[in-house]
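With the sequence shown counted from 1, adding 329 to any position gets you this note's numbering.
Each remark here refers to the structure printed beneath this line.
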Amino acid sequence: QVASMGSNLLIVMSGSITSGGLRMGSGTQMTLTLEDAYAIERECSAVAAVAPMLNGVAQVVYGNQNWSTGIQGTTPGILEVRDAALVSGRPFTEQDIRAAAKVVLLGQTVVDNLFGSMDPVGQIIRIKKVPFTVIGVLEKKGQSIVGQDQDDLAYIPVTTAQKKIIGTTFAGMVRTILIKARSATDMERAERQITDLLKQRHRISPKGEMDFSIRNLTQMLQVAEQSTRVMTLLLGAIASVSLLVGGIGIMNIMLVSVTERTREIGIRMAVGAKTWAIRMQFLVEALTLSLSGGVIGIILGVVTSEILSQLAGWTTIISPLSVVLAFGFSGMVGIFFGFYPAYKASLLNPIEALRCE
C-alpha cells in the first residue's frame with residue numbers, strides 16, 4: 330500500500346496549512362499554477378518528475394453503463410511520480426496537454442464497471458457529456474494506506490480539465506503538484522528548493538505567510554506507522570484482557586462444576602477411577618468450553634469483516650494462520666485456566682465426596 334502511492338513523493342498544496350485539534354488541512358483557494366509546476370521541474374535539481382493535479386468527481390458514461398469516479402487532470406509526469414504503468418494503450422503526450430485533447434487513461438475499477446472484460450482502448454466515453462477517447466488502461470494498484478481505491482479514477486490532460494471538465498477561477502490554476510525527488514536522500518533538498526522557488530515566484534517576503542504548503546509523504550507515512558503501532562498495542566492489550574477475563578470465567582465455571590459434582594467424582598473414584606482420569610475429564614471439559622468460544626469468535630470475526638468490507642468498502646484479509654493462532658490460543662486458555670479445577674477435583678477424598686449431598 331505504501332509503495333503504491335509512489336516513492337520519494339512530495340505534495341505541494343494550495344493555501345497555507347491550518348490546524349484545529351488533531352486535524353490539519355490546507356486552504357481551499359487555488360494559489361498554484363501550471364507554470365509553477367513547469368518551473369519546479371525545470372529549475373529544481375533535486376526533482377526527478379512533476380505532475381500538477383486538478384481533481385474533481387464526475388459521472389462517466391459508456392453506452393448504457395455509467396460510473397461516478399474521480400477525474401484527475403494532470404500531465405505525462407504522473408506515471409513516473411506515482412510509479413504507475415499502463416497495461417495497454419499509450420500515455421499522455423505534451424501535444425495532448427498543449428491541445429487540451431479529449432483523451433483519457435482509465436483505472437481498472439472504472440474499466441471493470443464500464444466495460445467488463447471488453448478492451449476499452451479506442452472506445453469513446455462521456456465525462457460530463459463531453460466525449461473522450463480511451464487511450465490507455467492503468468495497471469492495478471489496489472487500496473492506498475488510507476483505504477482509498479487507487480484504481481477508481483480517470484486521468485485526463487490538465488488543460489482539458491481546466492477548460493472543459495473541472496474549470497478554475499483563473500486560467501492555468503491547479504490544486505496540487507505531486508513531485509518525485511531523485512532519491513530518498515534528496516527529499517529535504519528538494520523541499521528547500523521548491524519552497525525557495527515558489528516564494529520567489531509568488532513574491533512572498535522572507536517572513537511573509539506562504540500561500541502554499543509542502544507535505545513530505547515519508548513523514549506522513551511515519552506518522553501513520555506510529556499510529557498503527559499504537560493501535561496494534563491497544564488492540565493487543567484489549568485482546569489480552571479479554572483472554573484473561575474469559576479464562577477466569579472458564580475457571581469459575583469449572584470450580585462450580587467440581588463443587589456441584591463432588592458426589593459424582595466420589596462414585597467414580599470408588600469404582601476405581603484414577604486421579605489422572607478425573608483430572609483429564611475436567612481438563613477436556615474446560616478445553617471444550619474454550620474451543621467452542623474460539624469457534625464462535627472466529628465465525629463472528631469473519632462475518633463482521635465481510636459486513637465491514639461490503640458496507641464500508643474496506644479490504645479485509647483473513648489469513649489461515651490467524652485463524653489457526655486464534656483457535657490455538659483458545660485451547661491454551663482452556664488448558665491453563667482449567668488445570669486448577671481439574672487438579673482440585675482429582676485431590677478429592679472419595680469417602681468425603683460420597684458423603685456430599
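Where is the CB? At the ideal position from N, CA and C, for every residue including glycine.
Quantities reported herein were computed from a predicted structural model and do not represent experimental measurements.
Reduced DSSP secondary structure (H/G/I, E/B, other) of residue i
{"i": "arginine 504", "result": "coil"}
{"i": "methionine 359", "result": "coil"}
{"i": "asparagine 384", "result": "strand"}
{"i": "glycine 595", "result": "helix"}
{"i": "serine 343", "result": "strand"}
{"i": "glutamate 676", "result": "Checking the sequence, you will find leucine at residue 676 rather than glutamate. Reduced to three states, the DSSP call for leucine 676 is coil."}
{"i": "asparagine 337", "result": "coil"}
{"i": "valine 600", "result": "coil"}
{"i": "arginine 352", "result": "Note that arginine 352 scores 40 on pLDDT, short of 50, meaning its location in the model is unreliable; the coordinates nonetheless yield the value given after this. DSSP places arginine 352 in strand when its eight states are reduced to three."}
{"i": "serine 569", "result": "helix"}
{"i": "glycine 667", "result": "helix"}
{"i": "arginine 371", "result": "helix"}
{"i": "serine 648", "result": "coil"}
{"i": "arginine 590", "result": "coil"}
Under 9 angstroms between C-beta atoms of residue i and residue j
{"i": "arginine 504", "j": "leucine 339", "result": "no"}
{"i": "leucine 443", "j": "glutamine 388", "result": "no"}
{"i": "leucine 507", "j": "methionine 382", "result": "yes"}
{"i": "alanine 429", "j": "threonine 488", "result": "yes"}
{"i": "threonine 403", "j": "alanine 380", "result": "yes"}
{"i": "glutamine 522", "j": "cysteine 373", "result": "yes"}
{"i": "leucine 676", "j": "glycine 595", "result": "no"}
{"i": "phenylalanine 461", "j": "leucine 572", "result": "no"}
{"i": "valine 463", "j": "valine 450", "result": "yes"}
{"i": "phenylalanine 421", "j": "isoleucine 407", "result": "yes"}
{"i": "isoleucine 664", "j": "leucine 618", "result": "no"}
{"i": "glycine 501", "j": "glutamate 409", "result": "no"}
{"i": "leucine 620", "j": "glycine 660", "result": "yes"}
{"i": "glycine 465", "j": "glycine 418", "result": "yes"}
{"i": "phenylalanine 666", "j": "glycine 344", "result": "no"}
{"i": "methionine 609", "j": "alanine 671", "result": "yes"}
{"i": "aspartate 412", "j": "serine 336", "result": "yes"}
{"i": "valine 341", "j": "leucine 467", "result": "no"}
Contact belief for residue i with residue j at Cβ below 8 angstroms, rounded distance in angstroms
{"i": "tyrosine 669", "j": "methionine 598", "result": "Actually they do not touch by this definition, with Cβ atoms about 19 angstroms apart."}
{"i": "lysine 509", "j": "alanine 378", "result": "4 angstroms"}
{"i": "glycine 622", "j": "glycine 565", "result": "That pair is no contact at about 19 angstroms."}
{"i": "isoleucine 627", "j": "valine 652", "result": "6 angstroms"}
{"i": "valine 631", "j": "isoleucine 607", "result": "So it is not a contact: roughly 37 angstroms between Cβ atoms."}
{"i": "alanine 375", "j": "arginine 511", "result": "6 angstroms"}
{"i": "valine 416", "j": "aspartate 425", "result": "At roughly 19 angstroms, the Cβ-Cβ gap does not stay under 8 angstroms, so valine 416 and aspartate 425 are not in contact."}
Opposing strand residues paired with residue i [DSSP bridges]
{"i": "glutamine 394", "result": "Tyr391"}
{"i": "valine 379", "result": "Ile508"}
Would you mind listing the beta strand (DSSP E) stretches within the stretch 445-504 that are 3+ residues and don't spill past its ends, in chain order? 453-456, 459-467 and 482-486
Suppose only complete runs of 4+ residues qualify. What are the alpha helix (DSSP H) ranges in the stretch 499-558, listed by chain order? 516-530
4-residue-minimum alpha helix (DSSP H) runs that sit fully inside the stretch 397-442, ordered along the chain: 407-410 and 423-427
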